[in-house]
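As structure tokens, the structure follows; a few thoughts come after it.
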Amino acid sequence: MPIGQTLPFTAVRWDDVLFVVLAIMLLGSALLVVTMRDIIRCGLAMIASFASLAGIYVLLGNPLLAATQVLVYIGAISILVLFAIMLTQTKNAPTRLVFQTQAWIGAVAAVVIAAIIAGTVLTTTWPSTGAVAWTATSDIATMLFGQYVLPFEVVSVLLTAAVVGGVLLARREPPADKEDRS
Amino acid sequence: MNWSDLGSLAPIIWAVLTAAAVLLVDIAAPGRRAPAIATALMGLAVTAAVVLSLAGHTETAFGGAYVVDGLTAFLDLLFVAIAALTIMFADDYLQPRGLPIAEFAAVLIFAITGAMLVAGSADLLLLFVALELMVLPGYLLAGYARNDPYSTEGAIKYFLLGSFSSAILLFGLAYVWGLTGSTRVDVVAAALAQAAAKGSIAPGLAMGLAFMTAGVAFKMAAVPFHYWTPDAYQGSPTPVTAYLSVGPKIGAFAVALRLFVAALGPLKADWLPIVIVLAALTMTLGNLVAITQDNVKRMLAYSSIAHTGYILVGLAAYAGGQHSGISAILFYGAAYTFMNMGAFAVITALQRRPGVTSQISTFAGLGRRSPWLGALMALFLLSLTGIPPLAGFWAKAYVIVAAIQAGGWLTALAVLAMLNAAAAAFYYLRVVVYMYMRDPAEDAPPLSPGLLFRVGLAVTGIATLVFGLFPAILNAASSAAGVLKG
Amino acid sequence: MTLAARTWGRMSLTARLTAILLPLAVLLAVGTVVGIVFILPPTMDFLGANMPLVRFVVAVVGILVLTIPTAFVLIYMELKVIARMNLRVGPNRIGPWGAAMSLFHGFKVLSKEDFAPTGADLTVFTLAPVVTFLASVMTLLVIPFAPGIFGQDLNIGVLYFFAMGGLAVLGLLMAGWASFNKYSLLGGLRSAAQIVSYEIPLTISVVGVVLLAGTMSMNGIVLSQSGSALDWFAFKQPLAVLIFFIAATAEANRTPFDMTEADSEIVAGFATEYSGMRFGFFFFAEYVNVFIISALLVTLFFGGWTAPINWPWPYNLNWLDAAGIGILWIPIALVALVVATDILGAAIWLIGGREWSAPSAFGLGLLIAGAGVTAAVGLACFIAFDWVQGIFWFFAKTYVFVFTFVWMRGTLPRVRVDQLMGFAWKWLLPASLLNLFVTAAAIIILNQPVIPR
């Protein structure tokens, strides 16, 4: 959206402000996902972090990707995750997640890796930096069905395999009388 | 894209059609086993024929994203053979347990399709997507025995760690893309060659290299990224274990060849030390832990880790400047496929009756209960050990010779590999001792594998013998396939 | 007593008023001058510099406000229409024909106790209606009401619409979980399963339209249907209309797909534990949703704000041009109103004889004259301004579909849960894929150029 370049009465750029706000939301909600006890709230925080990420995609000039992020990650995947949790979770479940036994080591490792990544990214001279390039939807389509048509089609095969497997794992047991039909 | 691109892709298309046909046959004749198996095997035969008809060509398709060359043809044939053998062995295990075969075959062929795509991909994005297509059906197959808690446990561990490693690999690929601006392997290699010529590599690239190495090492189960292997291998239905121990592993080495050799070849001086350390750790730890195992499946799982280490020696030899390292990898892959699948097939035959474990005590007196099975198992185990006139010996020999020729630290690595091979003899021969020097259990029922199963077992046995007696046959093919630019 | 108090006590009423009002007036005048001189220019500069932002804020506020009358009208309409279909009278107490019913309904909901059950997850419980309502309202942002009258013309409008529309289910799921009630949970789970399933055929059915229009912008889709009714995509995509209509009904949780609040099965579904304004938000969102899917149906398939016949495009009534002499027509209209009221009132009073008192006669005169003048002005605007035409046609078409949804609620029984899911996956999804395939094939065969906008 072509909003003004800077915040009114100041020289602060809108892009920077929005980025900082979204980044804080993203990191904050991501942190909540791993620290909160109530697994449903964790899922909701995950949705918040997906939404912040969609905002960052828009800032980076790709609203199509942002809309897809919201449509797929929030509208479908997170909903189904919550769905599965709600079907299986009860209020009598242990309040403390059993997997959180290595939280401190994990936290230290995460911080160390984040520091290393930040260090390498900052000290590397990246070939293409500069203005945000607004990506037209038709450009993405051209790329997807031109240069990357083969990976695109392979993804469809992948999804077919996944659907077959999902049905396989989820379907009801066959009745016992079908045992000897070879 | 034009129509001739589809011609280059014909093996892949045939494989996908085969999988679809198997599913359709199952819809037409629900629950019938023979039609599904026949369809799958015929489809795979056609696929193999198509691969052979393309062999010798070198062409690129889809704007350079997919490449047909000797490596593609060699690996494609190997993967088709793996799928065919797995299907032959599978029914003897699945049928007594009431598990369907059609979905098994279809999902397996999808996985093989992914592996074949990996073998021919010259685009990082395609490489990743194809890798996912290769491993995702593997998670399903590992959990194929839904009512077996071990199967489910193994599948979940495999799935979680596999997903993480995929994400890590993708993260590394993103670094490479960010620094080179392209996903095409040749463009990436050219850009990296330029960067490498300037001397030190960018920190971001080093980071990407680290992530990619970790991701690929996960897939090929190299120490210290091997934790999923024993549980996934032990828990899975035995035919699936047979597949997992060769299919995704050789697929991961195909990734290594297309990614590290073709795309990151200019940086080989930078990743050589990592591979040396990985190889040394992997074979040593794999062998040492395998010695302590009482469960043959778990023992073979650790032994497969050790074999990963040997194959990595080939990769290290390539990075050390010895181009024959690549053909050594391919030879090893092919030889390992037949002898390892054969060994798992014998376990499958033992486990035909539900409830039979794969503990080493199950093998007691196998040589007397079933002389043929005992002899074949001994053959496979001796070949895995690396006893001279068998395929396994030549596989190790080529790898070690390549490493010695490369010299330097690699000589030390070669020596370590030889020491490891000697140590491995202990646990392989232990099974042979059980088979021939212990009495069978009183109530052991006779073993009667199916016809298809016997054919498959014969194929693996003959291949192990023939490639051992006349290694030149396989070596000619792998040398022709191993002329990879990088 | 101080001097000031004594003086105040001696002052007359007029003097007191003057004493209060005069300083106030002076203050206001000074304030206005100061404001105009010192504050207005930078403010105007700021607004001018951030015109898109201002437009955006105005659009968002406008859309948020628009939902209130929409929901009120829809609720009244539903009550009344279904009552008629059931051979009842329906609301008839408050206002003429009970028309103020919705308003008082709203007051009732506002004044009720805001209750949350024990064991409820209060944060999630409170957020749930907000999420649902906002998801509905945000979709309105991309709907073009008339030429130039729209919140934001995104070039991914359709995708944005479905992305935001899909969020509504999140609110229902949150409500179902946070209520700590098994019926609520069942309702929430049903809504999640249903909406996720129906979203797929819904989205795929629209892809055909996007292919034909060559754009995902809502405005672009409407523009590519301009012409007569025969240019509407409904006639090029009949199957898509059907699929869209069915799937949209399910998306909005309307009868016959209102499994989420099936009162004969699970009390009131996700809304069981809600009361007061929290419930009000769900209620609001539901009716706004009906309006929105009708609006989307009109936009995508029935030409949006375009007229059904090849309408002579806005006839330029120069004498009505606001920038020129036209502004004079406002006082003229007012004068005409006064004169007509006088004439009509006098006529009624004279003809009606003793039964009409003067005020009531003139009141009736004012009503008739007002209606006449409004109609005349409206007609003139309709002829002169394309956006007035657009709004008229848009709302007319939309309310036809709103009526259809109400009609369906009054007519059709509820389906069963398994039938509902089976229908989505086994019939709607293949049908929508077929539609997409046929559309794409037809475009290639007819070689209709698809111009990316």
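Protein chains in written order, with the numbering used here: chain A, 1 to 182; chain B, 1001 to 1486; chain C, 2001 to 2453. Ideal Cβ positions, reconstructed from N, Cα and C, are used throughout, including at glycine.
Cβ shell of residue i (< 6 angstroms), same chain only, five flanking positions each side left out
i: residue 2228 of chain C; result: 2309 and 2310
i: residue 1 of chain A; result: Caution applies to residue 1 of chain A, whose pLDDT of 43 falls short of 50 and renders its modelled position unreliable; the model cannot decide the point.
i: residue 56 of chain A; result: 22
i: residue 2293 of chain C; result: 2248 and 2252
i: residue 1251 of chain B; result: 1115, 1118 and 1134
Boundaries of the alpha helix (DSSP H) in which residue i is found, first to last residue
i: residue 1129 of chain B; result: 1124-1142
i: residue 2442 of chain C; result: 2429-2446
i: residue 56 of chain A; result: 39-59
i: residue 1198 of chain B; result: First-last for residue 1198 of chain B: undefined, no H or E at that position.
i: residue 2226 of chain C; result: Element bounds for residue 2226 of chain C: n/a, residue is neither H nor E.
i: residue 2182 of chain C; result: 2182-2213
i: residue 2382 of chain C; result: 2358-2384
i: residue 2003 of chain C; result: 2003-2010
i: residue 207 of chain A; result: In the structure as shown, chain A starts at 1 and stops at 182, and residue 207 of chain A therefore has no counterpart that could be examined.
i: residue 2251 of chain C; result: 2238-2251
i: residue 1097 of chain B; result: From DSSP, residue 1097 of chain B is part of no alpha helix (DSSP H); its letter is neither H nor E.
Limits of the unbroken beta strand (DSSP E) element including residue i
i: residue 1086 of chain B; result: Not the beta strand (DSSP E): residue 1086 of chain B falls in the alpha helix (DSSP H), residues 1070-1094.
i: residue 1252 of chain B; result: It is not in any beta strand (DSSP E) - residue 1252 of chain B instead sits in the alpha helix (DSSP H) that spans 1238-1256.
i: residue 1060 of chain B; result: 1059-1061
Beta-bridge partners of residue i, as assigned by DSSP
i: residue 2286 of chain C; result: DSSP lists no partner for residue 2286 of chain C.
i: residue 2146 of chain C; result: C/2149
i: residue 1067 of chain B; result: B/1060
i: residue 1295 of chain B; result: B/1359
i: residue 1121 of chain B; result: B/1066
i: residue 1184 of chain B; result: B/1123
Contact set for residue i: own chain, Cβ-Cβ below 7 angstroms, skip 5 residues either direction
i: residue 1479 of chain B; result: 1327
i: residue 2451 of chain C; result: Low per-residue confidence applies at residue 2451 of chain C: pLDDT is 49, beneath 50, and the placement is therefore not dependable enough to give any value.
i: residue 2363 of chain C; result: none
i: residue 2438 of chain C; result: none
i: residue 1192 of chain B; result: 1180, 1264, 1266 and 1267
i: residue 1275 of chain B; result: 1312, 1315, 1316 and 1319
i: residue 2432 of chain C; result: 2201, 2204, 2205 and 2243
i: residue 1439 of chain B; result: 1364 and 1365
i: residue 54 of chain A; result: 66, 69 and 70
Among the options, nearest to residue i - alpha-carbon criterion
i: residue 2165 of chain C; options: C/2139, C/2143, C/2367 and C/2072; result: C/2139
i: residue 1132 of chain B; options: B/1037, B/1286, B/1146 and B/1110; result: B/1110
i: residue 2377 of chain C; options: C/2331, C/2420, C/2028 and C/2412; result: C/2331
i: residue 186 of chain A; options: C/2043, C/2192 and C/2303; result: A question about residue 186 of chain A goes unanswered here, because the residues of chain A that appear run from 1 up to 182.
i: residue 1304 of chain B; options: B/1289, B/1121 and B/1268; result: B/1289
i: residue 1349 of chain B; options: B/1331, B/1377 and B/1165; result: B/1377
i: residue 127 of chain A; options: B/1463, B/1204 and B/1483; result: B/1204
i: residue 2084 of chain C; options: C/2424, C/2423 and C/2411; result: C/2411
i: residue 1057 of chain B; options: B/1031, B/1073, B/1476 and B/1211; result: B/1073
i: residue 1189 of chain B; options: B/1007, B/1261 and B/1399; result: B/1261
i: residue 2141 of chain C; options: C/2110, C/2409, C/2277 and C/2163; result: C/2163
i: residue 103 of chain A; options: A/28, A/36, A/19 and A/17; result: A/36
Cβ-based neighbour list, residue i, same chain, cut-off 8 angstroms, excluding 5 preceding and 5 following
i: residue 68 of chain A; result: none
i: residue 2089 of chain C; result: 2083
Exercise for the section: With 7 angstroms as the limit, tell me which residues of the segment 2236-2256 of chain C have their beta carbon closer than that to any beta carbon of chain A; keep them in chain order. Expected result: If the cut-off is 7 angstroms between Cβ atoms, the segment 2236-2256 of chain C has nothing near chain A.
Handout entry: Contact set between the segment 1039-1065 of chain B and chain A, restricted to residues whose Cβ is under 9 angstroms from the partner
Key = So the close ones are 1061, 1062, 1063 and 1065.
Handout entry: Contact list for the segment 1130-1144 of chain B against chain A, Cβ threshold 9 angstroms
Key = Listed by position, the residues of the segment 1130-1144 of chain B near chain A (Cβ gap below 9 angstroms) are 1130, 1132, 1133, 1136, 1137, 1139, 1140, 1141, 1143 and 1144.
Exercise for the section: Pull out every residue of the segment 2165-2182 of chain C whose Cβ sits closer than 9 angstroms to any Cβ of chain A, in chain order. Expected result: Against chain A - using a Cβ distance shorter than 9 angstroms - the residues of the segment 2165-2182 of chain C are 2165, 2166, 2167, 2169, 2170, 2173, 2174, 2176, 2177, 2178 and 2180.
Practice task
Report the residues of the segment 72-90 of chain A with a CB closer than 8 angstroms to any CB of chain C, ordered along the chain.
Solution key: Those residues of the segment 72-90 of chain A that come within reach of chain C (Cβ to Cβ, closer than 8 angstroms) are 74, 75, 76, 78, 79, 80, 82, 83, 86 and 87.
Exercise for the section: Quick one: which residues of the segment 136-170 of chain A get their C-beta closer than 7 angstroms to a C-beta of chain B? List them in chain order. Expected result: Answer set for the segment 136-170 of chain A: 147, 148, 149, 150, 151, 154, 155, 157, 158, 161, 162, 164, 165, 168 and 169.
Practice task
For the segment 1169-1188 of chain B, enumerate the residues whose C-beta is nearer than 7 angstroms to any C-beta of chain A, in chain order.
Solution key: Cβ contacts with chain A come from 1178, 1179 and 1181.
Handout entry: chain C contacts made by the segment 22-54 of chain A, where a contact means CB separation under 8 angstroms
Key = Of all residues in the segment 22-54 of chain A, the ones placed with a Cβ closer than 8 angstroms to any Cβ belonging to chain C are 38, 40, 41, 44 and 47, in chain order.
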